[in-house]
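Each residue of the sequence shown is one higher than the one before, starting from 5 at the first, in the working numbering.
Written below as structure tokens is the structure these notes are about.
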Amino acid sequence: MARAKTLKIATSNVNGISSRLPHLLAWLEKEKPDIVALQELKSVDSAFPEADINEAGYGAIWQGQRSWNGVALLSRGQDPIESRRGLPGDPKDDQSRYIEAAVHGIVVGCVYLPNGNPQPGPKFDYKLKWMSRLHRHAKTLVDLPHPVALIGDFNVVPTDEDIYDPKGWRRDALLQPESREAYFRLLEQGWTDSLLKIYGPGRGLYTFWDYFRQHAERDRGLRIDHLLLNPVLSKRLKSAGVDRWVRLLEKASDHAPAWIEVTR
């Protein structure tokens, strides 16, 4: 059998890996991504379903946390080679929001950026400080001669074109000018927003739909899950999409997997 000419890289906020495991396994079986970043595991390390993930054909590394947070990286057919656990810059920060590994020849950082609500307040201050730390670390990665991807739930709606109702969400931390400015300062380092590059602005391509008023069924969503590529990897970008069918499953996460395909 000829080897596939592309790699499929995906990110998915599972909103509780124990309760959403059947959805995750069904998606892995159907879509067969090569690299997967997971966020919001809501599980301690010992409860991570490693055996089920391995049986599905994936190696995994993870950093869990009881009740909230938690990140993981999956690699189809091999084990990720971990390079970093936790975002540098604050040794007192014990929230599980970043894990990094070499996967299929690509350095992949899995990001679960703080939500920041309610704002103003300490949670929003923490969000902005975390983004500043992400800027510093991302700067060490963007110009590497190797392909690098920063992917995950960034909890930032970049523009009003990335949300169904910007007026109704105007006070939310995801849309604040400080959040958006921090996101674009990250892009200014040289990162490519891959979904935006493929689809262009204003296409109504969402990755998150809340649980109110059948917003998923009506496609009233937000784009907050992003796949950022350094210049080396951006040149290899071929396609992108969102597997909204996962969000429409019964008792699904409020996010759907977002993905890209790059040449090998």
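The beta carbon of each residue, even a glycine, is placed where N, CA and C say it ideally should be.
Asked                                                                                                                                             : Found
Between the C-alpha atoms of E165 and K9, what's the straight-line distance to the nearest angstrom?                                              : 33 angstroms
Below 8 angstroms on the Cβ atoms is my guess for K36 versus R80; work out the distance and round it to an integer in Å.                          : 7 angstroms
Given W66, which residues of its chain have a CB within under 6 angstroms of its CB, disregarding the five upstream and five downstream residues? : F52 and A76
Please name the residue, chosen from Q123, A41, E185 and I264, that lies closest to H139 on a Cα-to-Cα basis.                                     : E185
Given that a residue counts as buried once 16 or more other Cβ atoms are within 10 Å of its Cβ, and exposed if not, what is H230?                 : buried
Using beta-carbon positions only, say whether G20 and E44 come within less than 8 angstroms of one another.                                       : yes
Just curious, the beta strand (DSSP E) that V107 is in, first and last residue?                                                                   : Y102 to V107
Using only alpha-carbon positions, find the residue among H27, I57, K34 and S22 that is nearest to K12.                                           : K34
From Y187 to W195, what does the alpha carbon distance come to, in whole angstroms?                                                               : 10 angstroms
Can you name the residues that DSSP bridges to G156?                                                                                              : V115 and H230
Measure from the alpha carbon of S50 to the alpha carbon of each residue in R70, A60 and G93, then state which is nearest.                        : R70
Tell me, please, whether the segment 209–226 touches the segment 123–134 by the rule of three or more beta-carbon pairs shorter than 8 angstroms. : no
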